[in-house]
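These protein sequences, in sequence, are chains A and B. With full-length UniProt numbering, the residue at position 89 of the first sequence is 89, and numbering never jumps. With full-length UniProt numbering, the residue at position 126 of the second sequence is 126, and numbering never jumps.
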Amino acid sequence: MGDSQYSFSLTTFSPSGKLVQIEHALTAVGSGQTSLGIKAANGVVIATEKKLPSILVDETSVQKIQALTPNIGVVYSGMGPDFRVLVRKSRKQAQQYFRLYKEHIPVTQLVRETAAVMQEFTQSGGVRPFGVSLLIAGYDDNGPQLYQVDPSGSYFSWKASAMGKNVSNAKTFLEKRYTEDMELDDAIHTAILTLKEGYEGQISSNNIEIGIIRPDREFKVLSPSEIKDFLEEVE
Amino acid sequence: MVGKNCFAIASDRRLGVQLQTIATDFQRVFKIHDKLYIGLSGLATDAQTLYQRLVFRHKLYQLREERDMKPETFASLVSAMLYERRFGPYFCQPVIAGLGENDEPFICTMDCIGAKELAKDFVVSGTSSESLYGACESMYKPNMEPEELFETVSQALMASVDRDCLAGWGGHVFIVTPTEVQERVVKGRMD
Numbered sequence: 001m002g003d004s005q006y007s008f009s010l011t012t013f014s015p016s017g018k019l020v021q022i023e024h025a026l027t028a029v030g031s032g033q034t035s036l037g038i039k040a041a042n043g044v045v046i047a048t049e050k051k052l053p054s055i056l057v058d059e060t061s062v063q064k065i066q067a068l069t070p071n072i073g074v075v076y077s078g079m080g081p082d083f084r085v086l087v088r089k090s091r092k093q094a095q096q097y098f099r100l101y102k103e104h105i106p107v108t109q110l111v112r113e114t115a116a117v118m119q120e121f122t123q124s125g126g127v128r129p130f131g132v133s134l135l136i137a138g139y140d141d142n143g144p145q146l147y148q149v150d151p152s153g154s155y156f157s158w159k160a161s162a163m164g165k166n167v168s169n170a171k172t173f174l175e176k177r178y179t180e181d182m183e184l185d186d187a188i189h190t191a192i193l194t195l196k197e198g199y200e201g202q203i204s205s206n207n208i209e210i211g212i213i214r215p216d217r218e219f220k221v222l223s224p225s226e227i228k229d230f231l232e233e234v235e
Numbered sequence: 001m002v003g004k005n006c007f008a009i010a011s012d013r014r015l016g017v018q019l020q021t022i023a024t025d026f027q028r029v030f031k032i033h034d035k036l037y038i039g040l041s042g043l044a045t046d047a048q049t050l051y052q053r054l055v056f057r058h059k060l061y062q063l064r065e066e067r068d069m070k071p072e073t074f075a076s077l078v079s080a081m082l083y084e085r086r087f088g089p090y091f092c093q094p095v096i097a098g099l100g101e102n103d104e105p106f107i108c109t110m111d112c113i114g115a116k117e118l119a120k121d122f123v124v125s126g127t128s129s130e131s132l133y134g135a136c137e138s139m140y141k142p143n144m145e146p147e148e149l150f151e152t153v154s155q156a157l158m159a160s161v162d163r164d165c166l167a168g169w170g171g172h173v174f175i176v177t178p179t180e181v182q183e184r185v186v187k188g189r190m191d
């Protein structure tokens, strides 16, 4: 990656032992729109704010939550275009795995490979780290799983997590509300309440996006009318 | 050959170069993990190299995914690896046998460029394959217990390789059940 004049990495260590570019990338993530994920006993829910720059933008054309495979979905905080590139690469890796083994890729393997791509961009010539943190939600033979992947390429498994603008309030809220044996529908309500906490303005079915995966192992993004039903239940 | 909650995989023991016999104890059936075996007939050097490459891939898979490969997954992997060499193939026909989910027996064979052929009863490969098809077809019964399966497989193998001048010098039979593996050497016509 990078052309011949930049065969050295732009991400270099500072005297204190930090990779400053990655710190800056995390700042970019921290100023992105809030997103969160909750792992329930029987599924996973991921959600994000969908604040558009103007009312003239066609909100149906914007999809922040994407499926990587039929049973794995992803949401991000940070730079949208970087997210699109990662989604494309991850989908390709998932399909390559399937072509080789005729078996769907386990969630941990896909997370590992995506994280490896993100790490590559912190150590290759002429490229910058990705300005996104991802929340990858999936359901496979090991049950429901939720992973966060950072611009550095490190990944963690979470029971519930948040990223973006309102991260500390959202995480405190989640810590209070999370229980080990939560059902998926409760988790969806909690997710909506958490988003509501930090939302500037009125939350509605057109300015948030929710993706869920149930034991049927099919990742789906909820339609605005489905979101409306959950919103009404929460009110 | 498939039995009741078990399978058998067997081979002859001759290694030869046309009329000359080089070895009479050549191993052609290899273990991948406790419940997965692969038999490789054809060119001996390709069989050995292919086996080493498959063990390599499987060990990495075990380290990454922290589990053994399922037989169906392994068969897909072998098929993909063989097809990678479509225009300069490995001269081997593999026979794959394993116990899958819930210890369900799984067998398959493929040609040297990876065309998979699944079967519910038996699969064969090698120089005596036509003979083996005949012998297995007539001797096979569904749901055989391990002891009966051993008898049937040994009889079918011996009947076929004894008539084939390029195969023989006894047989090597593995009977694999969910709890144990029995390995036995069968004595046939030693020529």
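For every residue, glycine included, the Cβ atom is placed at its ideal position computed from N, Cα and C.
Positions of the alpha helix (DSSP H) runs, each at least 4 residues long and wholly inside the region 40 to 91 of chain A, cannot be given because no such run exists.
Contact of T21(B) with chain A is not assigned, every C-beta pair being separated by 9 angstroms or more.
Using beta-carbon distances, E117(B) does not count as an interface residue toward chain A, since no partner is under 9 angstroms.
In the structure shown, the three-state DSSP call for C108(B) is strand. With respect to L195(A), T60(A) sits apart: the two C-beta atoms are not nearer than 9 angstroms.
For the pair R14(B) and T21(B), the CB atoms are nearer than the 9 angstroms cut-off. For A97(B), no CB of chain A lies under 9 angstroms from its own CB, so it is not counted at the interface with that chain.
When N206(A), R99(A) and D141(A) are compared, the shortest CA-CA separation from D58(A) is found for N206(A). Taking a Cβ-Cβ cut-off of 7 angstroms, the neighbours of Y101(A) in chain B comprise T73, S76 and L77, given in sequence order. Inter-segment contact for the region 62 to 80 of chain A and the region 88 to 98 of chain A is present: three or more beta-carbon pairs are separated by less than 8 angstroms. Distances from the alpha-carbon of I38(B) to those of D12(B), A97(B), F56(B) and D68(B) put A97(B) closest.
By the neighbour-count criterion, in which a residue is buried when 16 or more other Cβ atoms sit within 10 angstroms of its Cβ, Y6(A) is exposed. Under the Cβ criterion of 9 angstroms, K59(B) is not counted among the residues facing chain A. Exclusion of the five residues before and after N166(A) leaves T34 and G198 as the residues of its chain whose Cβ lies within less than 6 angstroms of its Cβ. One thing to note: F91(B) has its Cβ within 9 angstroms of the Cβ of C112(B). At a cut-off of 9 angstroms between beta carbons, R28(B) makes no contact with chain A. Looking at the backbone, the Cα of N143(B) and that of G16(B) are separated by about 35 angstroms.
Residue environment analysis places D150(A) among the buried positions, since at least 16 neighbouring C-beta atoms fall within 10 angstroms of its C-beta. Pairing R85(B) with E120(A), the inter-Cα distance amounts to about 30 angstroms.
Per DSSP, the beta-bridge partners of T21(B) are G16(B). Under the three-state reduction of DSSP output, I136(A) falls in the strand class.
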